[in-house]
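Undergrad: Pasting a structure below so you can have a look.
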Amino acid sequence: MQRETTGAQAQADIVNFWRYVEFFTPNTLPKKAPDDARKPIYDCRLNRSLPWEPGHPHHQHKCLSAKPTHVKSSPDKLWAYNVYICPIDVVAARNHIELLLGDSEDSAVRDQREPAGAGGFAFAVDGSGCAVSDSGVLSVFAWAYARTCDLGEQASRDSSWLDGFAEIEEEVLDHFQAVLAGKRVTGPLLEEFTQWLLATLKLSAASESVQAHVCRVQCYSRKATTAAKDKQAQSSAGATSPTQSQTPAPSSDGDEPAQEEKGEPVDMINSMYLGELKALSAAVREGRYGAALNAYLGNHPQDIARIDLRENIPAAWGMLHPSHFPMGRWPGEGRHPLVFSQQVAINLAQKNLSASSGLMAVNGPPGTGKTTLLKDLLAAIIVERAVILSKYQSPEDAFSTRAVAAWKNSGDSQYYYALDKRLHNFGVVASSSNNSAVENLSLEFPKAGDVDPAWGNNASPFGAIASHLLGKDGPAWRLMAARLGKQRNRKEFVSNFWWPRPDPSLEPQAQKPKACKESELPGMEQLLKAGSKVAPLSWAEARSRFAEACRKEAEERTIRIGLAKVHDAVPGLRAELSRLSDERGRWLRDLERWELSLAAAQESLAKAQSALNAAYQGEKTRREQSEVAASKAAKEAEAYKATLKKRQSELKQELSDLDDDAPADILCWLGKFFPIRSVEDWKSEKLARRKDIQTKNMEVARASSAVTQQNSQLSTARARNTKPAILDGLPTEQAAFAGAKDKVATARANSRQADKALKTSVEQYQRCEERLSKYVAHFNLYCERFGAKIGAWRYELAQDVTTRERSSPWADELWNEARVAVLLAALDLQDAFVLHAGKKAYLNTMLAMKLINGEAPAKGVPREAAQSAWATFFLMVPLVSTTFASFHRQFEHLEEEDIGWLLIDEAGQAAPQQAAGAIWRSRRVMVVGDPLQLEPVVTVPDQLQDRLRRHAGVGEQWMPGFTSAQECADNASRYGSFINKKWVGAPLLVHRRCDSPMFEIANVVAYENAMVNGKPAKASALLPSGWVHVPAQNAENHWIPGEGEAVRALIARLCQQGLAPSEIFLISPFRKVVEGLERLIERHGLTGVQCGTIHKVQGKEAPAVIFVLGGDPAKEGAKKWATSKPNLINVAVSRAKSRLYIVGDRQRWGTYPYIEDCCIDDMPVLTVASLSAQTERQVS
2 MQRETTGAQA QADIVNFWRY VEFFTPNTLP KKAPDDARKP IYDCRLNRSL PWEPGHPHHQ
62 HKCLSAKPTH VKSSPDKLWA YNVYICPIDV VAARNHIELL LGDSEDSAVR DQREPAGAGG
122 FAFAVDGSGC AVSDSGVLSV FAWAYARTCD LGEQASRDSS WLDGFAEIEE EVLDHFQAVL
182 AGKRVTGPLL EEFTQWLLAT LKLSAASESV QAHVCRVQCY SRKATTAAKD KQAQSSAGAT
242 SPTQSQTPAP SSDGDEPAQE EKGEPVDMIN SMYLGELKAL SAAVREGRYG AALNAYLGNH
302 PQDIARIDLR ENIPAAWGML HPSHFPMGRW PGEGRHPLVF SQQVAINLAQ KNLSASSGLM
362 AVNGPPGTGK TTLLKDLLAA IIVERAVILS KYQSPEDAFS TRAVAAWKNS GDSQYYYALD
422 KRLHNFGVVA SSSNNSAVEN LSLEFPKAGD VDPAWGNNAS PFGAIASHLL GKDGPAWRLM
482 AARLGKQRNR KEFVSNFWWP RPDPSLEPQA QKPKACKESE LPGMEQLLKA GSKVAPLSWA
542 EARSRFAEAC RKEAEERTIR IGLAKVHDAV PGLRAELSRL SDERGRWLRD LERWELSLAA
602 AQESLAKAQS ALNAAYQGEK TRREQSEVAA SKAAKEAEAY KATLKKRQSE LKQELSDLDD
662 DAPADILCWL GKFFPIRSVE DWKSEKLARR KDIQTKNMEV ARASSAVTQQ NSQLSTARAR
722 NTKPAILDGL PTEQAAFAGA KDKVATARAN SRQADKALKT SVEQYQRCEE RLSKYVAHFN
782 LYCERFGAKI GAWRYELAQD VTTRERSSPW ADELWNEARV AVLLAALDLQ DAFVLHAGKK
842 AYLNTMLAMK LINGEAPAKG VPREAAQSAW ATFFLMVPLV STTFASFHRQ FEHLEEEDIG
902 WLLIDEAGQA APQQAAGAIW RSRRVMVVGD PLQLEPVVTV PDQLQDRLRR HAGVGEQWMP
962 GFTSAQECAD NASRYGSFIN KKWVGAPLLV HRRCDSPMFE IANVVAYENA MVNGKPAKAS
1022 ALLPSGWVHV PAQNAENHWI PGEGEAVRAL IARLCQQGLA PSEIFLISPF RKVVEGLERL
1082 IERHGLTGVQ CGTIHKVQGK EAPAVIFVLG GDPAKEGAKK WATSKPNLIN VAVSRAKSRL
1142 YIVGDRQRWG TYPYIEDCCI DDMPVLTVAS LSAQTERQVS
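For the sequence shown, the working numbering gives the first residue as 2, with consecutive numbering after it.
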């Protein structure tokens, strides 16, 4: 299958397209709800009273008459307000944008759920009606819409179309501060500001989409602190000038003000990715990006074939060779090894990413051990870094000799020591668009309860800090992770990590280094200042222990490599044995055949010899006769030649005689002038003699030639009369004889060869058989010692997917213990490194704290300073977590490939643009998720996305409505599989969360039965899973009151059977149903029962899940939306560990895709009446 290859410019266009989508992602405008008791929301015309003014119904009915700032029903609470001006009809605005961008091509349209609307500008108002300073927010959607309207049809051709938001934002916020902030907000003042805003944004062209004379006000109450009460009392009494800021004072501990005093933030958050995507586009265009982002943006080698790990078992098995296992592994509770596909994924990461850079995807269906996988990966990374650490004679050798200024100014200066670049590539960042997912990861890694007690009890000088960071989720076994991300988390982390805290538990002295006070837990600042004084191990001891652990692990690895060699040789030996057996039979048959051929050839040779002799005698007689004739002709020619030569001599003598009788010289001279007869006669006679001589000469020459020819013929005749010549004249007879002779020789040689080869084959067969028996016996001993799950034959695993996926080849307890020991020694080594590095580690960590806390200058910090600070910090805290939205702010001083490892969790929920910046900053990226669970929430409809992507010039596959971060990574991955017609990354297939029938339902609905059930069956007295059929009657939107009664009966029944309310989760696809369930929980005092939409529960689980379908009978489109893909049903069903109860109209819902897979025998129909009756009988 060919995959797309994308150049830098095309990749930059993809990023630009994602940026366009972010511009047109509207902020959510709260829905009008004037009757809401807790948070009423009003639409107010600007020429009438506002909620904090006396003439408004809210002021009259929900505020105390004596203290209008206070809530009438709860006097200990204060009112506060969020104001949204210039409400925009998003649907009309989008249609207008599409019209302006223009495109005649049809576009694929899928989910077109309409948003509630968007606000153009928002700000907060306190209970006295004064605008809160610095609370203003300008909607980027409103600006992008206004910009598009201003440019009209030229927008799509203007390269600067969506540039300039920052400048307009600054102007608007400055105007807000000057005109509204701190002042009492009235209709006329708000009208004036609104008109100025419309003019500044040039929104007049969008008048049909924008409500210029209406604002929406969200009212909410908050608990009043003493300071807030005093402030509001002063404001009500007129003691505070309306121009004074209402910003609350900071809290006493130096952290940001408490939430009660600050109130809720304005719920109109613009895209957190716009600036990041703009910078990223420029970086990509300039070629400043690494292999991971290159692959993510579509640059896939076309000449490298994909490897399906579910189909290509030899390839998967090859990745499990002991040489590919990481040196370290996680000390997990129960000491369970990774199973087949988990270990394949880890080894792939070790082989393909550790020594280089790039991107790898892992497909993790629900309950398949994604977190377990990531723990082993973190262990491998820590050990890999420890190998480098162990090479330093002193930790200080890893730092520069002199400190360098990261920044200097009059109020603050910060220095650092450059850290060896070899240590820069090991920091691990876990990120996701799902805040709970990354927070769960940062809690899972350090939690002592998830580590085997025998391995997790080794004391660490940072253990107290780790437990303090975990808080109520503690204790911790090690300082392994930190929850960062949003500013509050970062400030809280720095406070709890860096500074000492009172020790309420007064833990044993071993947990408190001597340099710290007995009454407090040490902070990292104290520990680093104390340095080697509080180090449990000297640097030499830590290095020695690590080296010893590595040596023992290497010994165990070598043994497994030898076993693997034995194992891998067995199939070849079996094939060789079979080949030798076949060969032995073949040589035996060949020997018999050649012996028969030899006898036949010898008989043919005798016949050919006789024929040749007879032909020779006949030919010899004929050639002798020819020789006699040639001899006679030669003699006659010689005699004739002699006769001619004799006459030739006579003529020459006659000519000589004429010369003697020549006339006198004077006569000859006169004869030249006068005719003299005697002279003339003499000349004539001489001329005649000369002609006769010439004639004879020619005759003699001819006679000589004839003699030569006859002699030649004689010689030829004599030569042809020799035995070789005669035999040459018998080619047919001679060829027949030679052929017969060759056949005899060939048959004899072949017979001898077959006999020799047969003996050799027998010997080889015996040796091969002995070797195979020895190898099989050797490996079987390993299998018997550690069990078939560990010592597995590949050919057996290839035959059964369940056996294969549950197996853990080579991961026996001895080697695992050695690998865990390496990790523990590596952790001790890094602790010792930090403490013995002294001032250098202290300064770098202090710089890291300022980077994390937002105290560093936004610009001017050297890149090397940030790299060294973060790399030093990662030596203490190997992993930090953050959402994508906070990634840029947290790592703003780092650039391309500065982060060693990025682990993306729940990547199927992330839009592709959300992960792009994080991937750009990372050298190695592992993307973990499942495209068959929740998809990204993209509020820009496909049709508008299509217009934008055509403008950017990119393919449809990059539309956030069509893909996710997970799918981008899946498409870039060479190793993976096809599941439900999707190519996914390396698949994890052993499911350990759900009992039946939840496992079977999810497996059928989403995974084409690719998953393997790894959870042992358990007997339970709980009500079996089933479907509570409730006819869809008396619907209140999607809420069906009858379903509420069924839910209440179910909860009562389950609680009577011993299930705690906190172990019950109520789930629905619709928000209105969840609101109804929340009312039911509150009304009936069902404290502890959890409740949420499907989109809120991915990553969570509960023993019992009640899946409440709801669904307005008049809105069939809602059911079609919920069942358009398997994703929602898959997530809902797979949250249930032991029991699943579906509540809804089985007849209506049972005909829809994926829900129909829940209508099975293992989900019998239950009724509300039967549930209630059984509950009453149990009570009685």
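C-beta: ideal position from N, C-alpha, C; glycine also.
1. Which of the three DSSP states, helix, strand or coil, is assigned to W144?
2. When DSSP builds the beta bridges, which residues end up paired with F979?
3. Is it the case that the Cβ atoms of I1156 and T1124 are separated by a distance below 8 Å?
4. Comparing C-alpha positions only, which one of S75, H71, A94, A147 sits nearest to D127?
5. For the candidate residues L731, Q915, W53, whose alpha-carbon lies nearest to that of A615?
6. Would you check if the region 827–847 and the region 865–879 touch, i.e. whether three or more CB-CB distances between them fall below 8 Å?
7. Residues in its own chain within less than 7 Å of N1131 by CB, not counting five upstream and five downstream?
8. Figure out for me which residue from Y85, C87, C64, P88 has the closest Cα to the Cα of D77.
9. Please look up how many angstroms separate the CB atoms of M481 and F446, rounded, as I've assumed it's under 8 Å.
10. Determine which residues share a DSSP beta bridge with W1040 and list them.
11. Contact defined as beta carbons within less than 8 Å: I believe Q891 pairs with G464. What is the distance between those atoms, to the nearest angstrom?
12. Restricting to Cα atoms, I'd like to know which of G1111, R585, P913 is closest to L294.
13. Since A1105 and L1055 are thought to touch, with beta carbons under 8 Å apart, how far apart are those beta carbons, to the nearest angstrom?
14. Would you kindly report the start and end of the unbroken beta strand (DSSP E) that includes D693?
15. Between the Cα of G962 and those of P937, Y641, A973, Q1099, spot the shortest distance and give me the residue it belongs to.
16. In three-state terms, what does DSSP make of V1169?
17. Do V186 and V928 have their C-beta atoms closer together than 8 Å?
18. Name the residue from A635, A748, A550, K566 whose alpha carbon lies nearest to the alpha carbon of Q603.
19. For M999, report the span of its alpha helix (DSSP H) as first-last.
20. Check whether the Cβ atoms of S210 and A93 lie closer than 8 Å to each other.
21. Output the boundary residues of the alpha helix (DSSP H) element that contains M847.
22. Cβ of L830 within 8 Å of Cβ of F547?
23. Can you tell me whether DSSP reads H60 as helix, strand or coil?
24. Jot down the residue ranges of each uninterrupted alpha helix (DSSP H) in the region 636–680, minimum 4 residues, whole runs only, in chain order.
25. By the DSSP assignment, the beta strand (DSSP E) with P462 in it spans what residues?
26. Which residues mark the beginning and the end of the beta strand (DSSP E) in which Q1091 is found?
27. Roughly how many angstroms lie between the CA atoms of S432 and L824, to the nearest whole one?
28. Does the region 6–15 come close enough to the region 173–182 to have 3 or more Cβ pairs within less than 8 Å?
29. From H214 to P52, what does the alpha carbon distance come to, in whole angstroms?
30. Give every residue of the same chain whose Cβ lies closer than 6 Å to the Cβ of I920, excluding the five residues on either side of it in the sequence, and list them in chain order.
31. Of the choices N441, A1170, D947, whose alpha-carbon is the least far from that of F25?
32. Only counting the same chain, and skipping five residues up and downstream in sequence, which positions put a Cβ closer than 6 Å to that of P31?
33. Going by DSSP in three states, I791 sits in which element: helix, strand or coil?
34. Quick one: using the 10 Å Cβ neighbour count with 16 as the cut-off for buried, is P523 buried or exposed?
35. If A857 sits next to H894, beta carbons under 8 Å apart, how far is it from one beta carbon to the other, in whole angstroms?
36. Spatial neighbours of K1120 within its chain, please: CB distance less than 6 Å, with the 5 preceding and 5 following residues excluded, ordered by chain position.
TA: In terms of the structure at hand:
1. Residue state, collapsed to three classes: helix.
2. In the DSSP assignment, F979 is bridged to W984.
3. Yes; because the gap between Cβ atoms is below 8 Å, this pair is in contact.
4. It is H71 whose Cα lies nearest to the Cα of D127.
5. Of L731, Q915, W53, the residue nearest in Cα terms is L731.
6. The region 865–879 is in contact with the region 827–847.
7. L933, Q934, A1003, V1006, A1007.
8. In terms of CA proximity to D77, C64 leads the group Y85, C87, C64, P88.
9. Right, the Cβ-Cβ distance comes to about 4 Å (below 8 Å), so this counts as a contact.
10. In the DSSP output, where bridge partners are listed per residue, W1040 has E1037.
11. Actually they do not touch by this definition, with Cβ atoms about 25 Å apart.
12. Of the candidates G1111, R585, P913, the residue whose Cα lies closest to the Cα of L294 is P913.
13. The C-beta distance from A1105 to L1055 rounds to 6 Å, short enough to meet the 8 Å contact threshold.
14. Segment 678–721 is the alpha helix (DSSP H) holding D693; no beta strand (DSSP E) there.
15. When each option's Cα is compared against that of G962, the closest is P937.
16. The three-state reading of DSSP puts V1169 in helix, counting H, G and I together.
17. With contacts defined as CB atoms closer than 8 Å, V186 and V928 fail to qualify as a contacting pair.
18. Minimum Cα distance to Q603 is reached at A748.
19. Its alpha helix (DSSP H) spans residues 999–1008.
20. Contact check for S210 against A93 passes: the beta carbons are separated by less than 8 Å.
21. Annotation: the continuous alpha helix (DSSP H) that includes M847 extends over 840–854.
22. In this structure, F547 lies closer than 8 Å to L830 by Cβ.
23. Here H60 carries a helix assignment [DSSP, helix/strand/coil].
24. Segments of the alpha helix (DSSP H) lying fully in the region 636–680: 666–671.
25. Counting along the chain, P462 falls outside any beta strand (DSSP E), and DSSP gives it neither H nor E.
26. Secondary structure note for Q1091: its beta strand (DSSP E) is the uninterrupted segment 1091–1094.
27. Answer to the nearest angstrom: the Cα atoms are 24 Å apart.
28. No, because fewer than three Cβ pairs between the region 6–15 and the region 173–182 fall closer than 8 Å, the two stretches do not touch.
29. Each residue's Cα considered, the two are about 16 Å apart.
30. Here the set comprises A293, L294, Y297, V926.
31. The residue with the shortest Cα to Cα distance from F25 is D947.
32. Hits under 6 Å: I42, Q219.
33. Coil.
34. In this structure P523 is buried. Its beta-carbon is surrounded by 16 or more other beta-carbon atoms within 10 angstroms.
35. The pair is a contact, with the Cβ atoms about 7 Å apart (cut-off 8 Å).
36. Around K1120: G1112, Y1153.
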